[in-house]
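Residue numbers (the working numbering): 1 to 240. Glycine included, each C-beta is placed from N, C-alpha and C at the ideal position.
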Ligand SMILES: Nc1nc2c(ncn2[C@@H]2O[C@H](COP(=O)(O)OP(=O)(O)OP(=O)(O)O)[C@@H](O)[C@H]2O)c(=O)[nH]1
């Protein structure tokens, strides 16, 4: 009897030991599995976070507002509150740096022209446009180009059609002089591409970019306090 009792106690303690041993192993396994899940979740979160971060930094979603000084960029900027615009100052010393910074992310370029003094400005406007369109990054990305012929409320303002024709003529001349200057130098000048098609007079239709010429007035007919006439510009941007 004593022997039996002794055996029972021994059996019992062995069973208990096995049970607690198994429990121990199971809880260790659970901790191990939870650990793996946490590590996996961290890896996935890191990938998603950096994926988004790198992804958005490469997305081209900027609309650059370019143009000579006083063409009306800032006034247009204040009117276009539904867009993500970058108003680039017209002054050459400031604009070069800003264009350099944003050109790679430009989804569209709104090039603002003062239509009321276009005749006087045509050469400068063409030179500015030439420098943008022959930039290798701009040429590669081919952002939509909207030439906004602003200040249409002023009687002397030239029409979008005339501005387009004169710019094509001026860009053609510039291309001739610039190409001659380039070929007289040794080697290629970094970052510049040929404008349009070789052997043909320059036309905007030769560019890979979608190009639109629109008429607008940031002032509107009732001055700065009135409604701006920028419907055509808004429609263009909505399509981008
Ligand atoms: N009549 C008229 N005046 C305008 C229009 N748009 C702008 N202006 C005026 O033109 C002047 C220059 O406008 P801004 O918007 O400052 O020109 P900007 O292109 O930003 O000039 P910068 O900052 O020097 O590059 C201001 O006095 C504006 O009120 C327009 O559609 N019609």
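Closer than 6 Å: is that where the CB of residue 149 sits relative to any heavy atom of ligand 1? Result no, Cβ not under 6 Å from ligand 1.
So, at 6 Å on beta carbons, what are the nonlocal neighbours of residue 211 in its own chain, with the 5 sequence-adjacent residues on each side left out? Cβ within range, chain order: 145, 204.
In angstroms, rounded to a whole number, what distance separates the CA positions of residue 142 and residue 119? When rounded, the distance between both Cα atoms is 28 Å.
Residue 67 - partner residues in DSSP beta bridges: In DSSP, residue 67 forms a bridge with 112.
Starting from the Cα of residue 121, find the closest Cα among 163, 19, 60 and give me that residue. For the residues 163, 19, 60, the minimum Cα distance to residue 121 belongs to 163.
Which residue from 37, 98, 109, 160 puts its Cα closest to that of residue 138? It is 109 whose Cα lies nearest to the Cα of residue 138.
Decide yes or no for the touch test of the stretch 99–116 against the stretch 64–73: beta carbon pairs closer than 8 Å, at least 3 of them. The answer is yes - the stretch 64–73 touches the stretch 99–116, with three or more Cβ pairs under 8 Å.
Cα-Cα separation, residue 124 to residue 206: Looking at the backbone, the Cα of residue 124 and that of residue 206 are separated by about 22 Å.
Helix or strand or just coil, what does DSSP make of residue 144? Strand.
May I ask whether a heavy atom of ligand 1 can be found less than 6 Å away from the beta carbon of residue 75? Result yes, Cβ under 6 Å from ligand 1.
The stretch 31–50 / the stretch 82–94 touching (three or more Cβ pairs under 8 Å): Between the stretch 31–50 and the stretch 82–94, the count of Cβ pairs shorter than 8 Å is below three; the stretches do not touch.
Which one of 159, 24, 84, 101 has the shortest CA to CA distance from residue 234? For residue 234, the closest C-alpha among the options 159, 24, 84, 101 is that of 84.
Would you kindly report the start and end of the unbroken alpha helix (DSSP H) that includes residue 85? In this chain, residue 85 is not harboured by any alpha helix (DSSP H); it is covered by the beta strand (DSSP E) spanning 85–87.
Cβ of residue 157 within 6 Å of any heavy atom in ligand 1? No - ligand 1 has no heavy atom lying nearer than 6 Å to the Cβ of residue 157.
Any chance the CB of residue 104 is under 6 Å from a heavy atom of ligand 1? Not under cutoff, so the answer is no.
Please classify residue 150: does DSSP put it in a helix, a strand, or coil? DSSP places residue 150 in strand when its eight states are reduced to three.
Residue 240: CB within 6 Å of a non-hydrogen atom of ligand 1: Remark: the shortest separation between the CB of residue 240 and any heavy atom of ligand 1 does not fall under 6 Å.
Pull up the distance between the alpha-carbon of residue 38 and that of residue 26, whole angstroms please. Distance between the alpha carbons of residue 38 and residue 26: 18 Å.
Is the beta carbon of residue 80 within less than 6 Å of some heavy atom of ligand 1? Relative to ligand 1, the beta carbon of residue 80 is positioned no closer than 6 Å to any heavy atom.
The beta strand (DSSP E) with residue 213 in it runs from where to where? 211–215 is the span of the beta strand (DSSP E), which, as asked, contains residue 213.
DSSP on residue 234, reduced to helix/strand/coil? In the structure shown, residue 234 falls within a helical segment according to DSSP collapsed to helix, strand and coil.
DSSP state of residue 227 mapped onto helix, strand, coil: Residue 227 falls in the coil class under three-state DSSP.
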